[in-house]
Amino acid sequence: MAQPRGQFGSKVGFVLAAAGSAIGLGNIWKFPYLAGENGGAVFLILYLGFVFTIGLSVMLAELAIGRAGEKNPVGAFARLKGGPWTVVGYMGVFTGFIILSFYSVVGGWTLAYALQTATGLLALSDAEALGNAFGAFVADPIGPVGYHGLFMALTVIVVARGIDTGIERACRVLMPVLFVLLAVLCVRSLTLPGAGAGIAFFLEPDFSKVSAGTVTAALGQAFFSLSLGMGAMITYGSYISHRENLPKAALWVTSLDTLIAVMAGFLILPAVFAFGFDPAAGPGLTFITLPAVFSQIPLGAFFGTLFFVLLAVAALTSAMSLLEVVVAYLVDEKGVPRAKAAWGAGMVIFLLGIPSSLSLGVWSDFTVAGKGFFDIMDYLASNVLLPTGGILIALFVGWTVYPQVMDADNGGIGHEFRWAGVWRFVCRFVAPAAIAWILVNRL
Ligand code: PHE
């Protein structure tokens, strides 16, 4: 029952769809709070360093594996080489389950905040009250789980319909709108009285603050934000046309993703200082700070609602790419019908996400090494599984399938790629050694 493989309709369409996977909660929710917890400017510098060396190289490696393998991660590894390498693909599918389970919980928060801002439930006035409102909201055992279910259902519905229908069209319109709104909000945040301290925090490094934890967090965030290390970009690469220039596409996706993260930093951190919030407040930081910014602009409730809706859409396009890894595997390798695969996997992921949600409220007493269930899932995925996947993907391209992924006649990169030598060197030595060193040091 081989079905023709869906393909993105145009060049811009592919870059936007891959950017849609990369740009999401990682940029707007996670990046600012990690920067806040890890010394601001120091984190930013490490992050940018990792993104444009290791990140860009692994991005290209994944897209190339995908296009040459023309399959989901498991199928692509099996087809290009097979043997033990296939395990990297399975690892990616497993990681997809883990990440999406807690990602969807946060996706649910964005839906809830969109609704509460629209209906005036979230009084956009008192900065301190906003902090308490967030705490009370996530601690509730019912509400957030319901929104998590809703977010997961939306993700499943889109993925069940297939890759080429709604995704491209939606991204093309909504991502630019999000970008403009983000830029406008940045201006408001940067001009708040007291914003200067936040700008200094984000731009003036204090190198005494660097610890093994900071380095690991920056590396993990580079992988998480670029959707690398688990095969999401392999899957998307398998849908990309052979005419496309892959290195250029990789550079575009990486740059756009970084731009949005840095903008989110300039939006959140100055406001954090202006309103006197704690930059190390953790996962709630963005949800506490944004409404405070909306309270300072005309038509705040309107723009607040619009922003949370767009953030939910950005989260959805990332969630789709996570679920797509699992679903493409079930469809390609196991012959499961697409809709059945999407609903089945979605159900399991929903259940797996429930303890993450509850760990911020009624189950907060259950911790391992000071981390609750939510933090454990995030740490395991971002700081262990994704970087480990990155090592293996880099080694695979650098040492094993380099000739195949360069072979233009079979969907490879082609020889007009001027940086091929540097790229191969990074894949063979630099990326695996650097990531391994960081992981080992952390342990
Ligand atoms: N990159 C996405 C974000 O920043 C999350 C993601 C991670 C998506 C891994 C796919 C794979 O929100």
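Adding 3 to a residue's 1-based position in the sequence shown gives its number in our numbering. Don't be surprised by glycine CBs; every beta carbon is placed ideally from N, CA and C. This one's a predicted model, so the numbers in the text were calculated from it and none came from an experiment.
Check	Outcome
On the three-pair Cβ rule with 8 Å, is the region 312-324 touching the region 216-228?	no
Quick one: residues in its chain with C-beta nearer than 6 Å to the C-beta of residue 37, no 5 flanking neighbours on either side, listed in chain order?	220 and 224
Strictly closer than 6 Å from CB to any heavy atom of the ligand PHE: give me those residues in the order they appear in the chain.	24, 25, 27, 28, 29, 30, 102, 227, 228, 230, 233, 235, 321, 324 and 325
Could you pull the start and end residues of the alpha helix (DSSP H) that residue 405 belongs to?	405-409
Suppose the cutoff is 7 Å on Cβ atoms and the five residues either side in sequence are ignored; what does the same chain contact list for residue 153 look like?	111 and 114
Take the Cβ of residue 242 as the centre, count every other Cβ of all protein chains shown within 10 Å, and call the residue buried at 16 or more, exposed below.	buried
What residues match up with residue 374 in a beta bridge as DSSP calls it?	371
Could you check if residue 289 is buried or exposed, using at least 16 other CB atoms within 10 Å of its CB as the buried criterion?	buried
Enumerate in chain order the residues of its own chain whose CB-to-CB distance from residue 59 is below 8 Å, with the five nearest sequence positions on each side excluded.	253, 254 and 257
Closest by CA to residue 292, which one among 26, 32, 22 and 206?	32
May I ask you to verify whether the region 42-59 touches the region 301-316, counting CB pairs closer than 8 Å and requiring at least 3?	no
According to DSSP, is residue 422 helix, strand or coil?	coil
Straight-line CA distance for residue 387 to residue 372?	16 Å
For residue 126, does the count of other Cβ atoms within 10 angstroms reach 16, so buried, or fall short, so exposed?	exposed
Quick one: which unbroken alpha helix (DSSP H) runs of 4-plus residues sit fully inside the region 81-147? Chain order, please.	89-121 and 130-142
Look up residue 286 in the DSSP assignment and say whether it is helix, strand or coil.	coil
With the cut-off set at 8 Å, would you say residue 344 and residue 328 are in Cβ contact?	no
Using the rule of at least 16 other Cβ atoms within 10 Å of the residue's Cβ for burial, across every protein chain shown, is residue 237 buried or exposed?	buried
For the alpha helix (DSSP H) that residue 441 lies in, which residues bound it at each end?	434-445
Could you give the residue range of the alpha helix (DSSP H) that holds residue 334?	303-337
With a cut-off of 8 Å on the beta carbons, I'd call residue 277 and residue 201 a contact; round off their distance for me.	7 Å
With a threshold of 8 Å, are at least 3 pairs of Cβ atoms found where one atom belongs to the region 144-152 and the other to the region 358-365?	yes
Classify residue 63 as buried or exposed, calling it buried when 16 or more other Cβ atoms lie within 10 Å of its own Cβ.	buried
What residue range does the alpha helix (DSSP H) around residue 280 cover?	First-last for residue 280: undefined, no H or E at that position.
Using the rule of at least 16 other Cβ atoms within 10 Å of the residue's Cβ for burial, across every protein chain shown, is residue 426 buried or exposed?	buried
What are the uninterrupted segments assigned as alpha helix (DSSP H) that are 4 or more residues long and contained completely in the region 170-222, given in chain order?	199-206
If you check the beta carbons only, do residue 394 and residue 439 fall under 8 Å apart?	yes
Among the candidates 376, 341, 27 and 339, whose CA atom is the shortest distance from the CA of residue 355?	376
From residue 69 to residue 351, what distance separates their C-alpha atoms?	26 Å
Which whole-angstrom value describes the C-beta separation of residue 231 and residue 260, a residue pair presumed to lie in contact below a C-beta threshold of 8 Å?	About 10 Å separates the two Cβ atoms, so there is no contact after all.
On the DSSP letters alone, give me the boundaries of the alpha helix (DSSP H) that residue 48 sits inside.	44-53
Roughly how far, in whole angstroms, is the beta-carbon of residue 445 from the beta-carbon of residue 267, given that I think they are within contact range, below 8 Å?	At roughly 26 Å, the Cβ-Cβ gap does not stay under 8 Å, so residue 445 and residue 267 are not in contact.
Count the other CB atoms, across all protein chains shown, that sit within 10 Å of the CB of residue 75; report buried if there are 16 or more and exposed otherwise.	buried
Measure the alpha-carbon distance for residue 431 versus residue 419 and round it to whole angstroms.	20 Å
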